[in-house]
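*Asks:* At position 242 of the sequence shown the residue is numbered 242 (UniProt numbering), and the sequence of numbers has no breaks. By construction, the Cβ of each residue, glycine as well, lies at the ideal position given by its N, Cα and C atoms.
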Amino acid sequence: MSNFKLSLPTDIPWERICVTEDMMDRNICDERLPAKWQTSMAVFKYRPDDANQLYPNYTITYLKVTATITGYQPLDKEVQGQINWNGLNVATIPGLTDLLNAYNPCHGAILQVLVGPSGHNEKIPLSDYPFFLDFEPKKRELYELATDTKEKQSRSIESVNVTKSAGNTQSTEIFDIDMGGGGGGGQVSVFGTGGGFNYNAPHGQWGTKRMNAEEGMATRSTDTGEEKRETYSFTSQISQMYHQLDSYHLGTNRAVFFIQPRPHTLEEPSGFVRGPRPVEGIQEFFLVVAQPKQQKDFCVAVRLDTSHLTRTPVMDFDRKSVSTSIATANAPVATDHDIPAENIVGARACFIDCWDVHYQCYRTEAHDTVTFDAPAGYRIEGFNDLINEATHGSTSVVVTPNGATLNINVQANGHICYEGSEVCVNCPDTIQAWAGHARRQVQVNLVSTTPTKKVGEQEVLMITTRGLCCCANERVRHPTFTNEYVTAIKAVPPSLAPIRPVTASDTATHLPSLVTGAPAGALQETPRTASHTSGLCPECAGAAHTLNTATAAATPPAPAGYTLRQANELGGYIRTETLKSLNDPFAIPKKFVDTDFFAKQLEYAVVQTKKGRQLVDRPASEQLPKRAVDYLAKRLRKPPKEVTLSDALALQGRELAEVSGLSEAAIQRLKLTALGVAFHEDKPGKGAKPKPSAY
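1. Which value, in whole angstroms, describes the spacing of the CA atoms of R440 and V447?
2. Between the Cα of T66 and the Cα atoms of V659, D318 and V113, which residue gives the shortest distance?
3. What span of residues does the alpha helix (DSSP H) with T601 cover, start to end?
4. Between which two residues does the beta strand (DSSP E) carrying I259 extend?
5. Excluding sequence positions up to five away, which residues of its chain have a Cβ less than 7 Å from the Cβ of residue 783?
6. From what residue to what residue does the beta strand (DSSP E) around N384 run?
7. Should T487 and T464 be called a contact, given that it needs their Cβ atoms to be closer than 8 Å?
8. Please classify P501: is it buried, with 16 or more other beta-carbons within 10 angstroms of its beta-carbon, or exposed?
9. So what does A347 bridge to, in DSSP terms?
10. Looking at the secondary structure, which residues open and close the alpha helix (DSSP H) in which K641 lies?
11. For my contact list, D318 and Y418 are in at a C-beta cut-off of 8 Å; report their separation, rounded to the angstrom.
12. Taking R363 as the reference, which of P332, Y378 and R254 has the closest Cα?
13. Find the nearest neighbour of A255 within the set P313, I489, K610 and P130, judged by alpha-carbon distance.
14. Taking 8 Å as the threshold, find out whether the region 397–412 comes into contact with the region 627–635 through three or more Cβ pairs.
15. By Cβ distance, which residues of its chain are closer than 8 Å to C424, with the 5 residues on each side in sequence left out?
16. Taking the alpha-carbon of E459 as reference, which of Q291, R466, P493 and L645 has the nearest alpha-carbon?
17. Per DSSP, which residues does F298 bridge with? Please list them.
18. When you compare the CB positions of L386 and Q443, do they come within less than 8 Å of one another, or not?
19. Considering only C-alpha positions, which residue in the set T310, F135, D134 and C427 is nearest to H107?
20. State the beta-bridge partners of N407 as determined by DSSP.
21. Going by C-alpha to C-alpha distance, which of G420, P625 and M24 sits closest to C361?
22. List the endpoints of the continuous beta strand (DSSP E) containing P292.
23. Report the three-state DSSP secondary structure of L675 (helix, strand or coil).
24. Please report the straight-line C-alpha distance between K490 and A497, rounded to a whole angstrom.
25. For Y62, list the residues DSSP reports as bridge partners.
26. What residue range does the alpha helix (DSSP H) around Q566 cover?
27. Just how far apart, CA to CA, sit D617 and R303?
28. Got a sec, what are the start and stop residues for the beta strand (DSSP E) I17 sits in?
29. Out of curiosity, what's the CA-to-CA distance linking A51 and C469?
30. May I ask you to list the residues that DSSP assigns as paired with V322?
31. By DSSP's criteria, M315 is part of a beta bridge. Which residues make up the other side?
32. With Q38 as the anchor, note down where its beta strand (DSSP E) starts and where it stops.
33. I need the boundaries of the alpha helix (DSSP H) containing Q432, first residue and last residue.
34. In angstroms with no decimal places, state the Cα-to-Cα distance between T480 and Y62.
35. According to DSSP, is D630 part of a helix, a strand, or is it coil?
36. With distance defined between alpha-carbon atoms, name the residue in P13, V279 and D128 nearest to R575.
Okay, structure coming up:
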């Protein structure tokens, strides 16, 4: 007979206690919507009534934490409010909009849920802290069958039931696994007899898989309603992403869940994949909190860290060649009215006795000089002769030590010698008569003073964080914890993510051939060799630097993807770095636009245009205080007036802040202003109406 004193399990009537408010739209009928690609979190809570509180020393409370995991897009309302879109430099707009609207997929996430006493809890012993009695899901692994018919995996919905103890959970997972098979075949004979047909039925697993269950051979008949009354108290559903999941620290007041994408197990026909799988979608967690009965309501803190792969340009020095004008000098044959020259013995006469016959020589001269000045942002690294002719003349090319100017000098000489006063019947009246001619033209090889040419891209790992904090029915907001911030930017090792050239032709570049520091004088024609130069962001490599690799010929283009092993190893690297970032004592959360990485990325975009190069080649004294300019001049060994904004952009914001006495935030704003970004004078979020979003 059924026991109707026990109630049927009921769906939990959740109550939302906090949510990330930046994803809520206050004005639903205007043209602007919240950003699509940002993570969000919500916390739901339910405390069973006293009839279901079966623990003598603890009060049981249920929490459901919902995390929306997406890629990262830097543009948000706060950034839009700071930038004066109408005051942007024309050269800055394309790079700025591309960076702020870039979508960086997520490849791993860590969710931390913490509970603790509300109010001042310094004197509360740890034994009286609330803790997690149970939570779901605890672990999710990959069971994958790779066949010629591809693979199918279980669905991503679990049903969670709370047993009558009100402190334990059970979960049921629905799955359907196709193990391949299915199909038919036939045989036929044309001039003979015979034939045949065969059919293979598909096989696999379909059904329901109950976790924490035991198998038994005994058969029994039960009343379903009575069994549920006796077994379950509450039921609910949580939505799952089908990715690998690990959980940690059950029994403490801190639960940690790590979500990572499924590894690649089936190789593509091309042999390459696009990289680690992304982690996208909604992930829900069900948690059972046990709290000492004498305590008031507890606080809940949630932190979500996500890992994103983004790309940084690999920059090389831009090189181009320019032909100079032709330097020409023509000197005619001299006459006795031209410049006197040497007096020589030109012949010998004999009549009874012999004597020397002297000749008086005269000369003409012709000179020409062509001066070539390197354009702004470039210096001369060498030259190649196009024309080099000299008959009774000479040519030379002189390059200044700083590579700013090249001079072509040509000289031609005419000449003739006239017989003197001595008597000589058979001697010629003139000797050594000639005209002079000289011409020279060179092709000047120019190299940019800073890397301005994008030749490839390199993978960079970016880790972001955001959080929530709720105490009882009161919301506690902490700006640096609630908003989405960047905590780490790290360059991916080349062995895991090799540099991808933009095009095959861009891999063949050239190494500077001008010997710097050489004294002024004639510079011989210099051959051009090949090199590969890449510029990395300060946060990726500690300082701006270049990587030169000499090669004799163009490097073959890199494959347009990752090998299976490479992609899985990159996924392992992302996991390791994400876990390490949680305990990094030097990590300082910043908005993406406040990082040196963003400033360097914007500089790379700006200097690819002529107007952009003119922007960063301005004197640093226009933006930086004198103290900082003097520091740069001493470090770079150049006069203060020659220090440019490009020199300042090469330093990290922290270093510039130390030498200038300004804050890092002020230095970052100066950097962005130097790159053509305009800001409102008012406080962030106020001022002129920002440009409408593209969401």
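*Replies:* In short:
1. Counting from one through the sequence shown, the residue named residue 440 turns up at place 440. Counting from one through the sequence shown, the residue named residue 447 turns up at place 447. Their backbone Cα atoms lie some 22 Å apart in a straight line.
2. In the sequence shown, the residue the question calls residue 66 occupies position 66. Of the candidates V659, D318 and V113, the residue whose Cα lies closest to the Cα of T66 is V113.
3. For the purposes of this step, residue 601 is taken as residue 601 along the sequence shown, with counting starting at 1. For the sequence presented, residue 601 should be read as Gln rather than Thr. First-last of the alpha helix (DSSP H) with Q601: D596 to V606.
4. Within the sequence shown, residue 259 is the residue found at index 259, counting from 1. R254 to Q260 is the extent of the beta strand (DSSP E) around I259.
5. This structure does not reach residue 783, given that the chain is present from 1 up to 695, and the question cannot be answered.
6. Position 384 of the sequence shown, counted from the start, is the residue given in the question as residue 384. Counting along the chain, the beta strand (DSSP E) containing N384 begins and ends at Y378 to T391.
7. As a working mapping, residue 487 is identified with position 487 in the sequence shown. As a working mapping, residue 464 is identified with position 464 in the sequence shown. Yes, they are a contact pair.
8. Along the sequence shown, one-based indexing puts residue 501 at 501. Using a 10 angstroms sphere on the CB of P501, the tally of other CB atoms reaches 16 or more, which defines it as buried.
9. As a working mapping, residue 347 is identified with position 347 in the sequence shown. According to DSSP, which records beta bridges pairwise, A347 is partnered with V357.
10. Locating residue 641 in the sequence shown gives position 641, where the first residue counts as 1. Unbroken run through K641: none, as it is neither H nor E.
11. Position 318 of the sequence shown, counted from the first residue, corresponds to residue 318. Position 418 of the sequence shown, counted from the first residue, corresponds to residue 418. Your pair D318 and Y418 does not check out as a contact, with CB atoms roughly 58 Å apart and the cut at 8 Å.
12. For this step, residue 363 is matched to residue 363 along the sequence shown. Minimum Cα distance to R363 is reached at P332.
13. Along the sequence shown, read from residue 1 onward, the residue named residue 255 stands at position 255. The candidate whose alpha carbon is nearest that of A255 is P130.
14. Verdict: no, contact absent.
15. By 1-based counting over the sequence shown, the position of residue 424 is 424. Correct list, in chain order: A347, A349 and V357.
16. Numbered from 1 along the sequence shown, position 459 holds the residue referred to as residue 459. The shortest C-alpha separation from E459 is found at P493.
17. Taking the first residue of the sequence shown as 1, we reach residue 298 at position 298. DSSP output for F298 lists P117 as bridge partner(s).
18. The residue labelled residue 386 in the question sits at position 386 within the sequence shown. The residue labelled residue 443 in the question sits at position 443 within the sequence shown. The answer is yes: Cβ separation under 8 Å.
19. Along the sequence shown, read from residue 1 onward, the residue named residue 107 stands at position 107. When T310, F135, D134 and C427 are compared, the shortest CA-CA separation from H107 is found for T310.
20. What you label residue 407 is simply residue 407 of the sequence shown in a count that begins at 1. Answer is T371 and V398.
21. Here residue 361 refers to the residue found at position 361 when the sequence shown is read from its first residue. For C361, the closest alpha carbon among the candidates G420, P625 and M24 is that of G420.
22. For this step, residue 292 is matched to residue 292 along the sequence shown. Following the DSSP letters along the chain, one finds P292 inside the beta strand (DSSP E) bounded by residues G281 to P292.
23. By 1-based counting over the sequence shown, the position of residue 675 is 675. DSSP places L675 outside both helix and strand once states are collapsed to three, so it counts as coil.
24. Translated into positions along the sequence shown, residue 490 becomes position 490. Translated into positions along the sequence shown, residue 497 becomes position 497. Answer to the nearest angstrom: the Cα atoms are 12 Å apart.
25. Here residue 62 is taken as the residue at index 62 of the sequence shown, counted from 1. Partner residues in the beta bridge of Y62, as assigned by DSSP, are Y46 and V288.
26. By one-based count along the sequence shown, residue 566 stands at place 566. First-last of the alpha helix (DSSP H) with Q566: L564 to S581.
27. Taking the sequence shown and counting its residues from 1, the one referred to as residue 617 is at position 617. Taking the sequence shown and counting its residues from 1, the one referred to as residue 303 is at position 303. Rounded to whole angstroms, the gap between the alpha carbons of D617 and R303 is 43 Å.
28. Here residue 17 is taken as the residue at index 17 of the sequence shown, counted from 1. In this chain, the beta strand (DSSP E) harbouring I17 covers E15 to V19.
29. Looking up residue 51 in the sequence shown gives position 51. Looking up residue 469 in the sequence shown gives position 469. Each residue's Cα considered, the two are about 29 Å apart.
30. Here residue 322 corresponds to residue number 322 of the sequence shown, with the count starting at 1. Bridge partners of V322: V444.
31. Within the sequence shown, residue 315 is the residue found at index 315, counting from 1. DSSP output for M315 lists K454 as bridge partner(s).
32. Position 38 of the sequence shown, counted from the start, is the residue given in the question as residue 38. No beta strand (DSSP E) holds Q38; DSSP gives it neither H nor E.
33. What you label residue 432 is simply residue 432 of the sequence shown in a count that begins at 1. Per DSSP, Q432 belongs to no alpha helix (DSSP H); it is in the beta strand (DSSP E), T430 to W434.
34. By 1-based counting over the sequence shown, the position of residue 480 is 480. By 1-based counting over the sequence shown, the position of residue 62 is 62. With a pLDDT of 41 at T480, under the threshold of 50, the modelled position of that residue is not reliable, and the figure given next carries that caveat. Approximately 28 Å, taken between the alpha carbons.
35. Taking the first residue of the sequence shown as 1, we reach residue 630 at position 630. DSSP places D630 in helix when its eight states are reduced to three.
36. As a working note, residue 575 is residue 575 in the sequence shown. Between R575 and the set P13, V279 and D128, the nearest pair of CA atoms involves V279.
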